[in-house]
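Peer 1:
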Amino acid sequence: MKLKIFLLFFGLFWGLSHAQEKKSRADKYFYSYAYADAISEYQKEMTKGALTKEQRLNLADAYFKTKDYANASKIYLDVNKSDSTMSNHRFNKMLQSLAQTSETGQVKSLLKSNRGSLRNELLENAEFNFELLETTANSSIDFQVFNIKGNSAQADFSPTFYKNELLFSSSRMQKSKDVYAPSGESYLDIYRGKIEATGDVVNINEFTGIPNSKYHEATPYFSDKLNQIFYIASNEDRGKLLFDEKGKNALAIVIVKNGAGADQPFNYLLRDLSVSFYYPFYDESSDRLYFSANFDDGYGGTDLYYVSTFNGQIMSQPVNLGPRVNSAANEIAPFIFDGSLYFSSDVFYGLGGMDIYKANQRPDNTFSIPVNLGSGINSDADDFGFIIKENGSSEFSGFFSSNRSGGKGNDDIYGFKVSEKPGLKTFAVKGTVLKPRSSQGIAEASVKVLDTEGNTIKEVLTQNNGSYQLEIPWRETIVLEISKKKHSIFSQKYTGNEQEEVQKKPLVIEMAYLEDVVEPKEGKTVLKLQKIKFAKAKSNLTPETLVQLDKVADLLLKFPKMRVKIESHTDSRGSSYSNKKISQQRSEALYSYLMKKGVPSENIIGVLGYGEEQITNSCTNGAFCLDFLHDQNVRSLFVVDNYDELLNQ
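Residue numbers (mature numbering (1 follows the signal peptide of the UniProt record, and there is no 0)): -19 to -1, 1 to 630.
#1: Can you list, in chain order, the residues of its chain with a C-beta nearer than 6 Å to that of F471? Leave out the 5 residues immediately preceding and following it.
#2: Does D393 pass the burial test, meaning 16 or more other C-beta atoms within 10 Å, or should it be called exposed?
#3: At 4 residues or longer, and completely inside the stretch 63 to 99: list those alpha helix (DSSP H) runs for me, N to C.
#4: What does the alpha-carbon distance come out to for the pair D432 and L405?
#5: Terminal residues of the continuous alpha helix (DSSP H) containing H611?
#6: What is the rounded straight-line gap between the Cα of S(-3) and the Cα of Y14?
#7: Is the beta carbon of E479 less than 8 Å from the beta carbon of F408?
#8: Would you check if the stretch 171 to 181 and the stretch 235 to 247 touch, i.e. whether three or more CB-CB distances between them fall below 8 Å?
#9: Looking at I358 and T141, is the spacing between their C-beta atoms short of 8 Å?
#10: Can you tell me the Cα-Cα spacing of F619 and P315, whole angstroms?
#11: Let's see if you can read the secondary structure: which residues bound the beta strand (DSSP E) around L207?
#12: By Cβ distance, which residues of its chain are closer than 7 Å to residue 661, with the 5 residues on each side in sequence left out?
#13: CA-CA distance, Q87 and L79?
#14: Using only the alpha-carbon positions, how far apart do residue 644 and G366 sit?
#15: How close, in whole Å, do the beta carbons of Q81 and Y50 come, if the pair is a contact with beta carbons under 8 Å?
#16: Leaving aside the five residues before and after G(-5) along the sequence, list all residues of the same chain whose C-beta is less than 7 Å from its C-beta, in chain order.
#17: Closest to A604 by CA distance: which of Y591, G555, K578 and A570 is it?
#18: Report the partner residues of L488 according to the DSSP bridge assignment.
#19: How is F138 classed by DSSP in three states: helix, strand or coil?
#20: For the candidate residues L332, E594 and Q565, whose alpha-carbon lies nearest to that of T85?
#21: Is DSSP giving L223 helix, strand or coil here?
#22: Could you pull out every residue in the same chain whose Cβ sits closer than 7 Å to the Cβ of L571, ignoring the five residues on either side in sequence?
#23: Can you name, in chain order, every residue of its own chain whose Cβ lies under 6 Å from the Cβ of L575, other than the five neighbours on each side?
#24: Could you tell me the alpha carbon to alpha carbon distance between N614 and R418, rounded to whole angstroms?
#25: Which residue marks the beginning of the beta strand (DSSP E) containing D393, and which one marks its end?
#26: Going residue by residue through the stretch 545 to 620, where are the continuous beta strand (DSSP E) segments of at least 3 residues, counting only ones entirely within it?
#27: Would you kindly work out how many angstroms separate the C-alpha atoms of R71 and A426, rounded to a whole number?
#28: What is the DSSP secondary structure of T407, counted as helix, strand or coil?
#29: Going by beta carbon distance, what residues of the same chain come within less than 8 Å of A518, once the five residues before and after it are set aside?
#30: If the criterion is Cβ atoms closer than 8 Å, does the pair Y395 and S386 meet it?
#31: Thinking S466 and I423 are a contact (beta carbons under 8 Å), I'd like their distance in whole angstroms, please.
#32: Using a threshold of 8 Å, state whether the C-beta atoms of D336 and D364 are closer than that.
#33: Pick out whichever of F609, S289, M543 and K561 has its Cα sitting closest to the Cα of E583.
#34: From which residue to which residue does the beta strand (DSSP E) around Q450 run?
#35: Is DSSP giving E112 helix, strand or coil here?
#36: Going by DSSP in three states, E496 sits in which element: helix, strand or coil?
Structure, rendered in structure tokens:
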């Protein structure tokens, strides 16, 4: 049985076993982690009568723990059909079991049928990572992984850099430690080792720079900025374990000055007798302390949180990292490097067990979709406790823990070297689609990312408030297209540097409604503009006219399927020939300007000058009219030729 699993669930199961008044023989085996015996006893009890729902789920969990995923998935599926209140954590186990025994198609089908009850972030994360693992997108990352010499036959895990050394957790037997009953091994302690130039770790010794305890001391993190060490420890008082009213002994995060020594007291930093805290990590750039915890209001099993600190003292309530990072599964072991969060999760869309993921931290402190680091470092077992640093050249190195086959103990520490920062680079954009000059959002607009050949890579719809966000594996060139029926279209190509810039802040797009930019006139549908004015008998474009033409250019670029005719008209004064000529010159001047503004020529299907052929009032040849009545006939129109077609697109 793996030590990290005891760390995660010992408090939970201990509490349950003490809280239940009546336990069957099978229950006792189950809550004592004797899963094979529990399976045998539950099967016997089933011949005498039906198991309770909780016992059936215990049996499924026991099958899951013994890697009998076929039987586990059968029970989970059966319970899920009859009881829609299955916990998020068990729902994840059901999907994990299915992923191990069938094609991902069955998992995807189950996700689709439960879409209404699942978070969008979980569905998006799953879709992204399923696609990623089914391709070779991550296979180019060449991890050189090796088992360090300093591993033992016991559990060695959760490494952290300590100056030029490595600290880690271990269950190696010690005279100063009691035996941890569930595992039969020693309570966890912290060890140190020397990191050689090759990356190997040797000269392993107990770390004596922290106070002594005969109970758990594990998962350390050393802050060079504070010169202090964070780690987890059993809740105790003067050498005796402390329990809550349900009999649960939770784990706390403590802080101690580096080099305090074995006889110095330590300070509890995060402590609750009913809540366990795990895997502290202190981010020196933000003064945030990140950790895992099993609060009741989490998204699954253990979630990742942070608290703000000042000089090592907590200054805020715990903040959940949210459903983009935290899933229905367990998230543990946070580590931030170069703007990216690395952590481990046993969510169902991984390679099996705990996998290492990377999520990029955005300028607004949210995170991108967590990306599985792939088979170069992850296995079908548990991989966690990832740390990394740059070696001063183009190479990166680090360590992680795993209980993969071929190791020396329950969990081993592995070193790695890699020539590039691990984790697939992604393009992530979010923003809002609004009505022009308004804060009102446009719902159900299509937001697409296209490749250079026009193929859709990903599409999402805006929410009721017009908001959207999407993420794809990085491509050097993409096209972002936002559209909705009867609305203008946003379409923009982005290359590498442009993609980097557009991700830095929300992209707000205004989309015009077709019927707001046109109006009926003279039995036609025309663009809604202020009057286009020319000097008498001239075709020169005035500053006022240029303002209106810029609006026309903007509309034609935003409505790329719109087809217009430019029609210019004069009054009846002067000869018919000269009027025809000047009106044609005016239409051509309008057309030439629009071409210079980048309007595609196919958007303009006619450039016409009608002269005095279409007088709109009684001011024809020979009639006496005031100037303002003659001026009504002098006009230029942009006639939308395919308006009915646009309404149906």
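We put the CB at the ideal spot given by N, CA and C, even for glycine.
Peer 2: Quick look at the numbers:
#1: As a first step, residue 471 is located in the sequence shown; it is residue number 490 there, counting from the start. Within the same chain, F471 has close Cβ partners I463 and I490.
#2: Against the sequence shown, residue 393 aligns to sequence position 412. In the assembly as shown, D393 is a buried residue. Its beta-carbon has 16 or more other beta-carbons within 10 Å.
#3: Counting only runs of 4 or more residues that sit fully inside the stretch 63 to 99, the alpha helix (DSSP H) segments are 69 to 82 and 85 to 94, in chain order.
#4: Position 451 of the sequence shown, counted from the first residue, corresponds to residue 432. Position 424 of the sequence shown, counted from the first residue, corresponds to residue 405. It is roughly 18 Å from the alpha-carbon of D432 to the alpha-carbon of L405.
#5: Numbered from its first residue, the sequence shown carries residue 611 at position 630. D608 to D612 is the span of the alpha helix (DSSP H), which, as asked, contains H611.
#6: Along the sequence shown, read from residue 1 onward, the residue named residue -3 stands at position 17. Along the sequence shown, read from residue 1 onward, the residue named residue 14 stands at position 33. Unreliable positioning characterises S(-3) in this predicted model, as indicated by a pLDDT of 41, which lies under 50. The coordinate reading is nonetheless provided below. Cα-Cα distance, rounded: 11 Å.
#7: In the sequence shown, the residue the question calls residue 479 occupies position 498. In the sequence shown, the residue the question calls residue 408 occupies position 427. In this structure, E479 keeps its C-beta atom at 8 Å or more from the C-beta atom of F408.
#8: Judged by Cβ distances under 8 Å, the stretch 235 to 247 makes no contact with the stretch 171 to 181, as fewer than three pairs qualify.
#9: Taking the sequence shown and counting its residues from 1, the one referred to as residue 141 is at position 160. Taking the sequence shown and counting its residues from 1, the one referred to as residue 358 is at position 377. 8 Å or more divides the Cβ of T141 from the Cβ of I358.
#10: Indexing the sequence shown from 1 puts residue 619 at position 638. Indexing the sequence shown from 1 puts residue 315 at position 334. Rounded to whole angstroms, F619 to P315 spans 60 Å at the Cα level.
#11: Mapped onto the sequence shown, residue 207 falls at position 226. Run containing L207: none; DSSP gives neither H nor E here.
#12: No information on residue 661 is available, as it lies outside the stretch -19 to 630 that the chain covers here.
#13: As a working mapping, residue 87 is identified with position 106 in the sequence shown. As a working mapping, residue 79 is identified with position 98 in the sequence shown. Using only the alpha carbons, I get a separation of about 7 Å.
#14: With the chain running from -19 to 630 in the structure shown, residue 644 is simply not present.
#15: Reading the sequence shown from its first residue, position 100 is the one you call residue 81. Reading the sequence shown from its first residue, position 69 is the one you call residue 50. Here Q81 really is in contact with Y50; their C-beta atoms are around 4 Å apart, less than 8 Å.
#16: Residue -5 sits at position 15 when you count from the first residue of the sequence shown. Interpretation of G(-5) is limited by its pLDDT of 39, a score under 50 that renders its predicted location unreliable; no figure is taken from the coordinates.
#17: Walking along the sequence shown from the start, residue 604 turns up at place 623. For the residues Y591, G555, K578 and A570, the minimum Cα distance to A604 belongs to G555.
#18: Here the question's residue 488 lines up with position 507 in the sequence shown. Partner(s): G412.
#19: Here residue 138 is taken as the residue at index 157 of the sequence shown, counted from 1. Strand.
#20: The sequence position of residue 85 within the sequence shown is 104, counting from 1. Ranking L332, E594 and Q565 by Cα distance to T85 puts L332 first.
#21: Indexing the sequence shown from 1 puts residue 223 at position 242. If DSSP states are grouped into helix, strand and coil, L223 belongs with coil.
#22: What you label residue 571 is simply residue 590 of the sequence shown in a count that begins at 1. For L571, where only same-chain residues beyond five positions count, the Cβ hits under 7 Å are L530, I547 and S617.
#23: Stepping through the sequence shown from its first residue, residue 575 is reached at position 594. Non-local C-beta neighbours of L575 in its own chain, meaning closer than 6 Å and more than five positions away in sequence, comprise A534, ordered along the chain.
#24: On the sequence shown, position 633 is the one that residue 614 refers to. On the sequence shown, position 437 is the one that residue 418 refers to. So the two alpha carbons sit approximately 33 Å from each other.
#25: Here residue 393 corresponds to residue number 412 of the sequence shown, with the count starting at 1. Following the DSSP letters along the chain, one finds D393 inside the beta strand (DSSP E) bounded by residues D393 to V399.
#26: Taking only runs of at least 3 residues, the beta strand (DSSP E) segments lying wholly in the stretch 545 to 620 are 545 to 550 and 585 to 592.
#27: Reading the sequence shown from its first residue, position 90 is the one you call residue 71. Reading the sequence shown from its first residue, position 445 is the one you call residue 426. A straight line joining the alpha-carbon of R71 with that of A426 spans about 35 Å.
#28: In the sequence shown, the residue the question calls residue 407 occupies position 426. In the structure shown, T407 sits in a strand (DSSP, three-state: E or B).
#29: Sequence index remark: in the sequence shown, residue 518 carries index 537 (1-based). Cβ within range, chain order: G555, S559 and I563.
#30: For this step, residue 395 is matched to residue 414 along the sequence shown. For this step, residue 386 is matched to residue 405 along the sequence shown. No. Outside cutoff.
#31: The residue labelled residue 466 in the question sits at position 485 within the sequence shown. The residue labelled residue 423 in the question sits at position 442 within the sequence shown. Residue 466 is actually Lys in this sequence, not Ser. Between K466 and I423, the beta carbon gap of about 11 Å keeps them out of contact (Cβ cut-off 8 Å).
#32: Here residue 336 is taken as the residue at index 355 of the sequence shown, counted from 1. Here residue 364 is taken as the residue at index 383 of the sequence shown, counted from 1. Yes, the pair counts as a contact, with Cβ atoms nearer than the cut-off.
#33: As a first step, residue 583 is located in the sequence shown; it is residue number 602 there, counting from the start. Answer by Cα proximity: M543.
#34: The count along the sequence shown starts at 1 and reaches residue 450 at position 469. Taken as a continuous stretch (DSSP letters only), the beta strand (DSSP E) holding Q450 covers S448 to P454.
#35: The sequence position of residue 112 within the sequence shown is 131, counting from 1. DSSP places E112 in helix when its eight states are reduced to three.
#36: Walking along the sequence shown from the start, residue 496 turns up at place 515. In this structure, DSSP gives E496 a helical state, which the three-state scheme calls helix.
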